[in-house]
Amino acid sequence: MAIHLTKESKVLVQGVTGSEGMKHTRRMLEAGTDVVGGVNPRKAGRTVVFDVSRSPGSLPGTPRTVPVYGSVAEGMAATGADVSVVFVPPAFARAAVVEAADAGIGLVVVITEGIPVHDTVAFTTYARARGTRIIGPNCPGLISPGHSVAGIIPADITGPGRIGLVSKSGTLTYQLMYELRDTGFSTCVGIGGDPVVGTSHIDCLAAFQDDPDTDLVVLIGEIGGDAEERAAAYIRDHVTKPVVGYIAGFTAPEGRTMGHAGAIVSGSSGTARAKKRALEAASVKVGNTPTETARLVLAALEGAGRRHS
Amino acid sequence: MDLYEHQARDIFEEYGITVPRAEVTDSPEGARVIARRLGGSVVVKAQVRTGGRGKAGGVALAADPAAAERTARRILGMDIKGHTVGTVMLAQPVAIAREFYVSYVLDRAAGRFLAIASAEGGMEIEEVAARRPEAVARIPVDPAEGVTSATAARIARAAGLPPQTVDTLVRLWQVLIREDALLVEVNPLVLTEQGRIVALDGKVTLDDNARFRQARWGADDPAVPDDPLEAAAAAKGLNYVRLDGEVGVIGNGAGLVMSTLDVVAGCGARPADFLDIGGGASARTMADALSVVLADPAVKSVLVNVFGGITACDAVADGIVRALDTVRLTRPLVVRLDGNNAARGRAVLDAHAHPLVRQATTMDGAARAAAHLAHAS
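See the structure below:
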């Protein structure tokens, strides 16, 4: 088990024929993801052949053929796909997500960076009303190590384990996965660094709390907004599993956007200090560096193990 | 991107919102000419992209053209919260009967926009909200529907604004949607003694991500940063924010770079910048990044912190080596490479053996070394 993405997930790639779509579809296949098709209305009926010789167990030069469908609905009808990963450029992302939601797919992972906020507001609202979960935009997607990757998170950093991770940042996710590579993860979800995202820290905390294969949750946040403060309140009231936090951006100046569109301190709101304080008030241990955060995770796992034995 | 007040004013005017007659100048003499054109008495307003102008003395009434020139001379060049006043707007005074507050702001948690309105305008809305929360109405806007006359009437009623404001509320929403704005704020929106609704001061923040479909982001691009190093970095397509420390920081991924700044600060040094080279950085990107960071005379040491997820560390190392051919390294460089192809990347740097380049195997160790080197020099 894992959250939102399992070995059984059947994945479509919207924008499969673009350069990012091609590169990451190959990587997803190598990681064992069941990529059942791509979507591109102008290339429907064709196939794309991927060299997946790096994937474990396959012979050198083993090709994998992925059919291209004209629409998400067509792809779902032909393959039974239940997840779509979106790599289309910002100008076309809104239409791509609306199409996927109209087709009734369960999960859409939007990797695309640089989507106008008004478009994200429109498609997240639209998808929610139709029961489609959106992860992202501007996110690395998610991985259930050893089972499946939907997005761009590298599959070779670590393997399966019993830690869940939710983060606004891709590279900080990789860093923590690396620091805890000997322990492994159930699922890591990169929810994205934009001001508006489809899936929040809270959504993931709730799913990890209910996941029998997750023992502890790592929550990575950064400056901007109040998602971490809200997550803290949720943890206090609803999460019984241990949570370890990390917040980036203590040294960020007020009023400047730090890389991610949503990473900005406005006046006195959205500061790293306030987020850390809120998490600590909810009994979440918060590391000062990624390395210290990993140490806190190991200590918490050890403590939990002792209590159970 | 935040617009200047006069840019917001011009946009409001385009959308049929009543604004005071006004013009902009960068010279005291120009202020005198404009004041004469506007009828003599004017309000002189510093144009800076920050709040609190009034308290800082950046807004003043001038009774005649000579006074307008004197006032403009005083305000031009003034420093308001670190922003130097380069231009002033001169506006015709308005006879105010009542002042209101209205804005459309992004509610990040709810993933939609929120109308905020109050019949107590003219002061900071945060102060009103803290003192009398019941005086501030907050109405969520359904993204599919937007602000229609009916929604606007509901907002006005909830905040106790007169019905004449409904038309302005609808037009301000059109500004928000059509201009791809993240914030539209009018404070104060006034009812004049003549019974008209006028937007006296406006703040508009545009969405940088919508640049590709907005003609307003054209040749006269107001997004060019004031800082020369930031402007140079922006021209090279680099995501760079200049800070006031002594350890230059380059990394991949916004979260990891922010974290790197914090770890440097935790080692007792101050980061000189935020520079994210992004995923799959080329040698060229690395060279550009190094040249921008080294152009800052305050930088005493440079820390490169890369975790190779998609990015291959040997490509980053190649980039650094090639960068050292084109950029003369004058200060120590600490490199930490981990993740994808890290061993090969470290070997590339070892083989190059530049006397000012050293490697660290952990992020914390690299930050400690860079902080130490910055203090030692």
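In order, the protein sequence lines correspond to chains A and B.
Quick note on the working numbering: the first sequence kicks off at 1 and runs consecutively.
Quick note on the working numbering: the second sequence kicks off at 1001 and runs consecutively.
All residues carry an ideal CB built from backbone N, CA and C; glycine is no exception.
Q. What does a CB cutoff of less than 6 Å around histidine 260/A pick up in its chain, not counting 5 residues either side in sequence?
A. Taking the first sequence and counting its residues from 1, the one referred to as residue 260/A is at position 260. Around histidine 260/A: Gly193.
Q.
Using only CA atoms, which one of Asp210/A, Pro145/A, Glu179/A and Asp215/A lies nearest to valine 189/A?
A. Taking the first residue of the first sequence as 1, we reach residue 189/A at position 189. That would be Pro145/A, whose Cα lies nearest to the Cα of valine 189/A.
Q | Coarse secondary structure for aspartate 1314/B, derived from DSSP in three states | A | Along the second sequence, one-based indexing puts residue 1314/B at 314. Aspartate 1314/B carries a helical assignment under DSSP once its states are collapsed to helix, strand and coil.
Q: Within the region 1008-1077 of chain B, note down every full alpha helix (DSSP H) run reaching 4 residues or more, in order along the chain.
A: Note on the region 1008-1077 of chain B: whole alpha helix (DSSP H) runs with a minimum of 4 residues are 1028-1037 and 1065-1075, in chain order.
Q. Below 8 Å, can you find three or more Cβ-Cβ pairs linking the region 1028-1040 of chain B to the region 1192-1205 of chain B?
A. The region 1028-1040 of chain B is not in contact with the region 1192-1205 of chain B.
Q: Tell me whether leucine 1003/B sits in a helix, a strand or coil according to DSSP, three-state version.
A: Here residue 1003/B corresponds to residue number 3 of the second sequence, with the count starting at 1. DSSP places leucine 1003/B in coil when its eight states are reduced to three.
Q. Are the region 1285-1294 of chain B and the region 1236-1255 of chain B touching by the rule of at least three beta carbon pairs closer than 8 Å?
A. Judged by Cβ distances under 8 Å, the region 1285-1294 of chain B makes contact with the region 1236-1255 of chain B, as three or more pairs qualify.
Q) If we count Cβ pairs, one from each stretch, closer than 8 Å, do we get three or more for the region 275-282 of chain A versus the region 227-236 of chain A? A) These segments touch.
Q: Find the nearest neighbour of threonine 183/A within the set Leu216/A, Leu205/A and Ala127/A, judged by alpha-carbon distance.
A: Here residue 183/A is taken as the residue at index 183 of the first sequence, counted from 1. Just measuring C-alpha positions, the residue of Leu216/A, Leu205/A and Ala127/A sitting nearest threonine 183/A is Leu216/A.
Q | Anticipated Cβ contact below 8 Å, valine 1088/B with alanine 1022/B, distance rounded | A | Working through the second sequence from its first residue, we reach residue 1088/B at position 88. Working through the second sequence from its first residue, we reach residue 1022/B at position 22. The pair is not a contact, with the Cβ atoms about 10 Å apart (cut-off 8 Å).
Q: Give the secondary structure of phenylalanine 123/A by DSSP, where H, G and I count as helix, E and B as strand, and everything else as coil.
A: Counting from one through the first sequence, the residue named residue 123/A turns up at place 123. Helix.
Q: Compute the distance between the beta-carbons of arginine 1053/B and valine 1190/B, then report whether it is under 8 Å.
A: As a position in the second sequence, residue 1053/B is number 53, starting the count at 1. As a position in the second sequence, residue 1190/B is number 190, starting the count at 1. In this structure, the beta-carbon distance from arginine 1053/B to valine 1190/B does not fall below 8 Å.
Q: Provide the residue(s) that pair with threonine 187/A in DSSP beta bridges, ordered along the chain.
A: Translated into positions along the first sequence, residue 187/A becomes position 187. DSSP lists Gly164/A as partners of threonine 187/A.
Q) What residues of chain A sit near alanine 1254/B, judged by a beta carbon separation below 7 Å? A) Translated into the one-based positions of the second sequence, residue 1254/B becomes position 254. Neighbours of alanine 1254/B in chain A, taken as residues at a C-beta separation under 7 Å, are given in chain order as Ser169, Gly193, Met258, Gly259, His260 and Ala263.
Q: Give the straight-line distance between the Cα atoms of isoleucine 105/A and leucine 205/A, rounded to the nearest whole angstrom.
A: Looking up residue 105/A in the first sequence gives position 105. Looking up residue 205/A in the first sequence gives position 205. Rounded to the nearest angstrom, the two C-alpha atoms are 22 Å apart.
Q. In terms of residue numbering, what span does the beta strand (DSSP E) encompassing arginine 1303/B cover?
A. Working through the second sequence from its first residue, we reach residue 1303/B at position 303. Residue identity check: residue 1303/B is leucine in the sequence provided, not arginine. Leucine 1303/B: member of the beta strand (DSSP E) spanning 1301-1308, first to last residue.
Q | Residue of Ile1075/B, Val1043/B, Thr1151/B and Gly1308/B minimising C-alpha distance to aspartate 1064/B | A | By 1-based counting over the second sequence, the position of residue 1064/B is 64. Closest in alpha carbon position to aspartate 1064/B, among Ile1075/B, Val1043/B, Thr1151/B and Gly1308/B, is Val1043/B.
Q: Select from the region 236-253 of chain A all residues with a C-beta closer than 7 Å to any C-beta belonging to chain B, and list them in chain order.
A: The residues in question are Ala248, Gly249, Phe250, Thr251, Ala252 and Pro253.
(Q) isoleucine 163/A and valine 68/A - do their beta-carbons sit closer together than 8 Å? (A) Taking the first sequence and counting its residues from 1, one reaches residue 68/A at position 68. Taking the first sequence and counting its residues from 1, one reaches residue 163/A at position 163. Taking C-beta atoms as the reference points, valine 68/A and isoleucine 163/A fail to come closer than 8 Å.
(Q) Rounding to the nearest angstrom, what Cα-Cα distance links leucine 1373/B and glutamine 175/A in this structure? (A) Taking the first residue of the second sequence as position 1, residue 1373/B is located at position 373. Taking the first residue of the first sequence as position 1, residue 175/A is located at position 175. Roughly 25 Å separates the two Cα atoms.
Q) If we call anything under 8 Å between Cβ atoms a contact, is isoleucine 1096/B one with threonine 1192/B? A) Indexing the second sequence from 1 puts residue 1096/B at position 96. Indexing the second sequence from 1 puts residue 1192/B at position 192. Contact: yes.
Q: Check whether the Cβ atoms of leucine 1256/B and threonine 171/A sit closer than 8 Å, and answer yes or no.
A: Residue numbering aside, residue 1256/B sits at position 256 when the second sequence is read from its first letter. Residue numbering aside, residue 171/A sits at position 171 when the first sequence is read from its first letter. Contact flag set, yes.
(Q) I'd like to know if proline 1406/B contacts chain A, where contact means its C-beta is closer than 8 Å to some C-beta of that chain. (A) Look at the range of chain B in this structure, 1001 to 1377, and you will see that residue 1406/B is not part of it.
Q. Which bits of chain A does leucine 1261/B rub up against, with CB to CB less than 9 Å?
A. Translated into positions along the second sequence, residue 1261/B becomes position 261. Chain-ordered, the chain A residues with CB closer than 9 Å to the CB of leucine 1261/B read Ala248, Gly249, Phe250, Thr251, Ala252 and Met258.
(Q) Does the structure place the region 112-122 of chain A close enough to the region 152-162 of chain A that three or more beta carbon pairs sit under 8 Å? (A) Contact between the region 152-162 of chain A and the region 112-122 of chain A is absent, because fewer than three Cβ pairs lie under 8 Å.
Q) glutamate 1185/B bridges to which residues according to DSSP? A) As a first step, residue 1185/B must be located in the second sequence, where it is residue number 185. Glutamate 1185/B is bridged to Ser1103/B and Lys1203/B.
Q.
Check this for me: beta carbons of alanine 263/A and alanine 1254/B, under 8 Å apart or not?
A. The sequence position of residue 263/A within the first sequence is 263, counting from 1. The sequence position of residue 1254/B within the second sequence is 254, counting from 1. Taking 8 Å as the Cβ cut-off, alanine 263/A and alanine 1254/B qualify as a contacting pair.
Q: Figure out for me which residue from Ala1066/B, Ala1067/B and Ile1080/B has the closest Cα to the Cα of threonine 1050/B.
A: Taking the second sequence and counting its residues from 1, the one referred to as residue 1050/B is at position 50. Of Ala1066/B, Ala1067/B and Ile1080/B, the residue nearest in Cα terms is Ile1080/B.
Q: Please specify which runs of the alpha helix (DSSP H), each continuous and at least 4 residues long, are wholly inside the region 209-263 of chain A, giving them in chain order.
A: Within the region 209-263 of chain A, the runs of alpha helix (DSSP H) that reach at least 4 residues and sit entirely inside it are, in chain order, 227-238.
Q) Start and end of the beta strand (DSSP E) containing aspartate 1276/B? A) Counted from its first residue, the second sequence places residue 1276/B at position 276. That run of the beta strand (DSSP E) goes 1273-1276.
Q) Touch check for the region 135-155 of chain A and the region 197-204 of chain A: three-plus C-beta pairs under 8 Å? A) For the pair of segments examined, the region 135-155 of chain A was found to touch the region 197-204 of chain A: the number of CB pairs separated by less than 8 Å reaches three.
Q. If you measure from the beta carbon of isoleucine 1277/B to each beta carbon in chain A, is any gap under 8 Å?
A. Walking along the second sequence from the start, residue 1277/B turns up at place 277. Judged by the 8 Å Cβ criterion, isoleucine 1277/B is not in contact with chain A.
Q | Residues near glycine 249/A in its chain [Cβ-Cβ closer than 7 Å; skip 5 each side] | A | One-based indexing of the first sequence puts residue 249/A at position 249. In its chain, beyond the 5 residues on either side, Glu222, Ile223, Met258, Ala263 and Ala272 have a beta carbon closer than 7 Å to the beta carbon of glycine 249/A.
**Q.** chain A residues whose Cβ lies nearer than 7 Å to that of proline 1133/B
**A.** Counting from 1 along the second sequence, the entry for residue 1133/B is found at position 133. Residues of chain A whose Cβ lies closer than 7 Å to the Cβ of proline 1133/B do not exist; the shortest such Cβ separation is about 16 Å.
(Q) Please identify the residue among Val265/A, Pro242/A, Glu254/A and Asp213/A whose C-alpha is closest to the C-alpha of threonine 6/A. (A) Indexing the first sequence from 1 puts residue 6/A at position 6. Nearest option by C-alpha distance: Asp213/A.
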